[in-house]
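For reference, the structure discussed in these notes is given below.
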Amino acid sequence: MQDTGSHEADQLAEFERRYSRRGLLIRYAKGRVRNFGNRQIMTFSGGLALTLSEGPETGAIVVLVALFGELVDCLFLSRLPQFLETGHNLRKMLFLSSITALVQSLTIAVCVLLAWFGEFSGYSPLFTIAFVAGAAINAGLVLPFHPAAGAVRLTVYALVTLSIFAFDVLAAKRVDSVFLMDASGTAMLAFMVALFLMFVNSGFNAHRRTTLRLMEQGRDLVRHQKEAHQLSLVARNANDSVIVSDATGRIVWTNEAFTRITGFLAEEARGKLPGELLNGPETDLTISDSIAAAITAGKNFRGEILNVTKHGQPIWMDVNMVPIVDEDGNVEMTVAVERDITLGKSHEQELAAAREAAEDGARAKADFLATMSHEIRTPMNGVVGMAELLSGTALTEEQNEYVETIKSSAAALLAIINDVLDLSRLDAHKMEIHPVDFDLLACLSDTVRLIRPQANSKGLRLSLETLTEVPEIVHADDGRLRQILINLLGNAVKFTEHGNVCLRLSVEEAAIGHTAVIEVEDTGIGIPAEKIEHIFERFSQAEANTTRTYGGTGLGLAISRELVGLMGGKLTVESTLGEGSCFSLRLPLGPPAQSNGPGRQMKIADDVLAQLDGRIVLVADDNKINRLLIAKFLADLPVQLEFACDGRQVVEKAKSLDPDIVFMDMSMPHLSGIEATRLIRESGSTRLPIVALTANAYDSDRKACLDAGMNDFLSKPVGRSELISCLLEHLVHRTDPATVHRTA
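With full-length UniProt numbering applied, the sequence shown covers 1 to 744.
Right under this line is the structure:
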């Protein structure tokens, strides 16, 4: 098939070459040279006739003159192809060959004149006219090949004929009947010669057009055959099933893949509707109907359908169906390419099952962490609270050391719990950022003040430096920023044995708000260069013995970087082993959302205590230790403390006591804190402040409490100052009963 196509292309190229101006000129030259002998038969025949009628001299002269013209023409034409091959100009060759044609036609004209004006010419003009007509026919035959040469010859022959008759008229000075008969016969002969030449030339052009059309059709036929053959090979050898159906949707042809996938032979499928063969009990008939409707409407269809094989095995097929329409838009046939996607569907189902299992695992992990957080925080609340109360009593130096050890150990355990919970929130994408207006410099100063006891205990100098002017109020999540800084400063102090730790702050102008650049630099142990890129990974520390020496889980920096990312910032580190490290935090700060600044600092003063006098504080908690702690924390305040041990009891006391505030645990017998809050709100106590006091520390728990109607949220273990601050906020400083959303 490929050889045939190449042959057709070669034939077309050869045709174009032969019928080009160059090709026609070469064919003209070769034809003139090849037929030189045939033309001389007429020359010698004429010469012989003139020898017999006019004498040998006249005959010889005619032959020599004619041969001279022929030789001039043919000698040049014989070398013309060589001239063209060597690069001679085509237009010049056409001109020169026209000149040789002129020379040759003029020699014929001389012969004609000799014959006409001979001794016996007046008695036999037919010979002369026939000789001219033959020469004209010969000249006309080459018109398609060399129009200029042919036109030159015909012009010369026409002029010589006219000259002969004009001379006769002038010589005789009259026009008799014989002259008229000769002139009429000559005109008729010229007309017939002209008709013959027109027929020959039109035939040549028609042959040329027909040949070209046939060759082009042959080329197109070969191309179509090649395409059809290729399509046939593709369809037969495709991995996908190919089904060709007629206008009614019945199968007329299938490929081998159809048999391999479905088990049906082509003979079994022919004449059947695809649904008759392939639809099974689990096939979605709406999809099958959509395919039938598409066939009827002559529209494309793309979709997935569950079929069955000949042996009843279910297979998923991806169907791509295209109608083939005629010139009037009527459907002639439909081609459907169907791919077996059963394996892909199986993988998809496995992935869905794996995803569901992973989600179940994540939910189970979250539930476990929530439960563990609650169960650990509840006794931790007692440990921390009792240690705080114990530190306020008269203790010996040794006893005070024991108490401080209990407090620091509890704080370390609480930090680990918080890290694990934060990690769980980040993994579940439930960590929320709560930006508020706050004093940036005050936030950093408070953080330094919090870490300074640790630094002093190791003899380290901890300082805060401001390198630029700092705006008084900014907008960001101060709680998360404080958490990040505590982690960075805590690590700096932990891993520095001597020297200093410095917290630097500079603020840059931004398109909206500012950008804080915060650096924590220490003179500690530093980080090896090969460990820097891993320092922010979870459970990662610079050296294996670091955990044994300094403690910690290796989660703090990972959590800090993810928190910084949630806040739109970037956390990086530079370090030299043995010389120290510098952690750099770039954090966007929005403009203040309110112009009145952050919330006022709450201090217990005499006037505040007076406002608390006689206020009823209802505490709902089923844990005896927690109730004891709250009683001790609030013992110095002039409030009336009431306790409820379960959810049902707190609802009853909220009605009977009409308290000023309720601290509500979430997990209690009979009724949960959320259920109890809803009942209290439904009873009409809409302005009563209810504060969640629970070991459940997730943002989802906070949201559930606020959605149930609580006003605030405190997470256990809670300190005395935090508890009293919350109490003052709702009983003294609160000017609007609207819900307070705390983020601390």
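Virtual Cβ for every residue (Gly too), placed ideally from N, Cα, C.
Can you tell me which of the options puts its alpha carbon nearest to the alpha carbon of residue i?
{"i": "R339", "options": "E356, V319, E327 and R18", "result": "V319"}
{"i": "R615", "options": "D621, L628, L634 and I625", "result": "L634"}
{"i": "I99", "options": "R213, A148, N381 and A130", "result": "A148"}
{"i": "E432", "options": "D477, T396 and L71", "result": "D477"}
{"i": "D658", "options": "R678, G684, H670 and V573", "result": "G684"}
{"i": "I518", "options": "L464, K494, L566 and K531", "result": "L464"}
{"i": "G140", "options": "V169, L113, S105 and A115", "result": "S105"}
{"i": "V639", "options": "L728, A292, A704 and I625", "result": "L728"}
{"i": "P717", "options": "V383, G31, D360 and R17", "result": "V383"}
{"i": "L503", "options": "D522, A511, K494 and T496", "result": "D522"}
{"i": "I315", "options": "R17, L67 and N307", "result": "N307"}
{"i": "L343", "options": "I630, L577 and L351", "result": "L351"}
{"i": "I341", "options": "Q399, T248, V335 and D240", "result": "D240"}
{"i": "L444", "options": "F167, E472, L24 and S20", "result": "E472"}
{"i": "F643", "options": "E398, K632, A620 and G569", "result": "A620"}
{"i": "V110", "options": "L67, F145, D289 and H88", "result": "L67"}
{"i": "N626", "options": "L413, L154 and M668", "result": "M668"}
{"i": "A158", "options": "A29, T262, L688 and V193", "result": "V193"}
{"i": "A529", "options": "A442, Q40 and S581", "result": "S581"}
{"i": "A516", "options": "E533, S725, A183 and L467", "result": "L467"}
{"i": "G31", "options": "L113, K310 and S78", "result": "S78"}
{"i": "G298", "options": "L265, E267, T248 and I305", "result": "T248"}
{"i": "A183", "options": "A166, L723 and M664", "result": "A166"}
{"i": "A704", "options": "D665, C726 and R720", "result": "D665"}
{"i": "I690", "options": "E533, E675 and S700", "result": "E675"}
List the whole-angstrom C-beta distance separating residue i from residue j, where the pair is believed to meet the contact cut-off of C-beta under 8 Å.
{"i": "T211", "j": "F15", "result": "7 Å"}
{"i": "I451", "j": "I486", "result": "7 Å"}
{"i": "V403", "j": "L440", "result": "Actually they are not in contact, since the Cβ atoms of V403 and L440 sit about 35 Å apart, beyond 8 Å."}
{"i": "F258", "j": "V242", "result": "7 Å"}
{"i": "H146", "j": "L24", "result": "7 Å"}
{"i": "D712", "j": "A692", "result": "7 Å"}
{"i": "L460", "j": "T496", "result": "6 Å"}
{"i": "L566", "j": "D660", "result": "Actually they do not touch by this definition, with Cβ atoms about 38 Å apart."}
Can you pull the DSSP bridge partners for residue i?
{"i": "E519", "result": "R504 and S584"}
{"i": "D437", "result": "H475"}
{"i": "T466", "result": "L505"}
{"i": "P323", "result": "T334"}
{"i": "V573", "result": "F583"}
{"i": "Q640", "result": "I616"}
{"i": "V308", "result": "P314"}
{"i": "S589", "result": "In the sequence as presented, Ser is not what sits at residue 589; that position holds Leu. Looking at the DSSP assignment, L589 forms a beta bridge with H514."}
{"i": "F301", "result": "M321"}
{"i": "R461", "result": "N500"}
Just mark residue i as buried or exposed, buried being the case when its beta carbon has 16 or more other beta carbons within 10 Å.
{"i": "E480", "result": "In the sequence under discussion, the amino acid at residue 480 is Arg, which differs from the Glu named in the question. With 16 or more Cβ atoms within 10 Å of its Cβ, R480 is classed as buried."}
{"i": "F438", "result": "buried"}
{"i": "G150", "result": "buried"}
{"i": "T286", "result": "exposed"}
{"i": "S97", "result": "buried"}
{"i": "P453", "result": "exposed"}
{"i": "S277", "result": "The question names Ser, but residue 277 in the sequence shown is Leu. L277 comes out buried."}
{"i": "R213", "result": "exposed"}
{"i": "E54", "result": "buried"}
{"i": "V474", "result": "buried"}
{"i": "Q349", "result": "exposed"}
{"i": "A542", "result": "Low per-residue confidence applies at A542: pLDDT is 46, beneath 50, and the placement is therefore not dependable enough to give any value."}
{"i": "A708", "result": "buried"}
{"i": "Q649", "result": "buried"}
{"i": "K494", "result": "buried"}
{"i": "N545", "result": "Low per-residue confidence applies at N545: pLDDT is 47, beneath 50, and the placement is therefore not dependable, though the value from the model is reported in the following sentence. Its Cβ having fewer than 16 others within 10 Å, N545 is exposed."}
{"i": "A558", "result": "buried"}
{"i": "I607", "result": "Looking at the sequence provided, one finds Asp at residue 607 rather than Ile. Classification of D607: exposed, given that the 10 Å Cβ count is below 16."}
{"i": "N330", "result": "exposed"}
{"i": "A13", "result": "exposed"}
{"i": "D26", "result": "It should be pointed out that residue 26 corresponds to Ile in this sequence rather than to Asp. Result: buried."}
{"i": "S715", "result": "buried"}
{"i": "P591", "result": "exposed"}
{"i": "F663", "result": "buried"}
- request: Let me know the beta strand (DSSP E) ranges lying completely inside the segment 651-738, each 3 residues or longer, listed in chain order.
  value: 661-664, 690-694 and 712-715
message: Quick check on the DSSP output: what are the complete alpha helix (DSSP H) runs of length 4 or more inside the segment 9-48, in order along the chain?
response: 21-34
field: Segments of 3+ residues assigned as beta strand (DSSP E) that fall wholly inside the UniProt domain "PAS" (227-298)
entry: 241-246 and 251-254
message: If we require 4 or more residues per run, which alpha helix (DSSP H) segments fall completely within the segment 138-191?
response: 147-172
- request: Write down every uninterrupted run of the beta strand (DSSP E) in the segment 48-80 whose length is 3 residues or greater and which is fully enclosed by it, in chain order.
  value: none
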